[in-house]
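Just so you know, my numbering puts 35 at position 55 of the sequence shown, and the rest follows in order with no gaps.
Glycine included, each C-beta is placed from N, C-alpha and C at the ideal position.
Taking it in order: structure first as structure tokens, then the write-up.
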Amino acid sequence: MPKPNIHHSGQLAMGIGALAVAGVLAFGALAIPSDAGYAGVGPDFLPWVVSAALALCGVMLIREALTGGYRNMEEPSGAPRGDWRALAWVSAGVLLNAALITTIGFILSCGLCFVLAVRGLRASEGKPAGDLRQTLKDAVTGILIAAPVYWLFTKLLAVNLPGITASGWI
-19 MPKPNIHHSG QLAMGIGALA VAGVLAFGAL AIPSDAGYAG VGPDFLPWVV
31 SAALALCGVM LIREALTGGY RNMEEPSGAP RGDWRALAWV SAGVLLNAAL
81 ITTIGFILSC GLCFVLAVRG LRASEGKPAG DLRQTLKDAV TGILIAAPVY
131 WLFTKLLAVN LPGITASGWI
């Protein structure tokens, strides 16, 4: 006699949570106008794509949980507890980015976010967070990542992002 499938409550909750978030995103997408814009798609297109993809992931997670749980899953790596100091660095980067983006512009605020997030991620791996030289390298890297994104959005897609000059190039 075959054993009945045992579902793991945490895994099932993950799938149900993904479906719930997909539902919330879909509900929010209803409020976005669907007038076709550039390339024939409206501003509601991407939220619908994301909610549909998340709903599909939720269904697949539920199916996995109900048919025996996540198969061939390796033991989780990392520390048994969360690294609160690393979380603080990453959170500070995200919050400062949101707080400063209209003051110092997209490129500099994203560069700052990158510096703080990388510092937190290094700390979470037990590596040194970095000295002044490493921090400057991280700042340059963050700016080199953020600048093309800014120019792509502002010049090519005509999306208004906050800059620090009137020319729109920085």
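Residue i versus residue j - alpha carbon distance
i: A126; j: T47; result: 44 Å
i: I81; j: I42; result: 39 Å
i: N(-15); j: A45; result: Only weak support exists for where N(-15) lies, its pLDDT of 43 falling under 50; the value from the coordinates is given anyway. Approximately 9 Å, taken between the alpha carbons.
i: Y130; j: E54; result: 39 Å
i: G(-10); j: S31; result: 22 Å
i: V139; j: G(-5); result: 34 Å
i: W69; j: L(-8); result: 32 Å
i: L76; j: S104; result: 20 Å
i: V155; j: Y50; result: What the structure shows of the chain is the stretch from -19 to 150, and residue 155 is not part of that stretch, so it cannot be assessed.
Assigned exposure category for residue i - 16 Cβ within 10 Å defines buried
i: D15; result: exposed
i: A2; result: buried
i: W64; result: exposed
i: R99; result: buried
i: S57; result: exposed
Cβ-Cβ separation, residue j to residue i (assumed contact under 8 Å), whole Å
i: R102; j: G110; result: 6 Å
i: P142; j: F94; result: Contact doesn't hold; Cβ gap of about 17 Å is too wide.
i: A9; j: D24; result: 5 Å
Quiz item: Mind pulling the alpha helix (DSSP H) runs of 4 or more residues that sit fully within the segment 10 to 88?
Solution: 25 to 46 and 64 to 84
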